[in-house]
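Sequential numbering from 1 applies to the sequence shown in UniProt numbering. Heads up: the structure comes next, in structure tokens.
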Amino acid sequence: MKAGIHPEYKKVVFLDTSSDYKFLSGSTKSSDETIEWEDGNTYPLIRVEISSDSHPFYTGKQKADKAGGRVDRFKKKYNLS
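Below, the structure is given as structure tokens:
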């Protein structure tokens with residue numbers, strides 16, 4: 001590999017903000033926020049909105065559209081029966 005053109009790869013902690021799930025992984029992404037991990041070391045903290053802990057594919061909890069189709073949503077919007 002050519003020296004000086006590749007980003008630095010280091011360990012970071014990813015925090016799923018929707019479920020407060022944390023995991024340690026390697027990444028080239030950096031952050032000004034840090035967190036102390038279970039091993040006692042301090043790592044950069046990367047906040048993510050979705051991880052395997054909260055994603056419907058992995059949890060099996062799919063959101064069902066309970067409003068129905070277009071006609072049902074229209075009727076609900078305009079208070080029609």
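The beta carbon of each residue, even a glycine, is placed where N, CA and C say it ideally should be.
- Kindly indicate the opening and closing residues of the alpha helix (DSSP H) around residue 72. Start and end: 70-77.
- Which residue from 70, 71, 14 puts its Cα closest to that of residue 28? The candidate whose alpha carbon is nearest that of residue 28 is 14.
- CA-to-CA distance, residue 76 to residue 61, given in whole angstroms: Cα to Cα, the separation comes out at about 25 angstroms.
- Query: Roughly how many angstroms lie between the CA atoms of residue 11 and residue 30, to the nearest whole one?
  - Reply: Spanning the two alpha carbons is a distance of roughly 9 angstroms.
- Which residue or residues does DSSP assign as beta-bridge partners of residue 23? 14.
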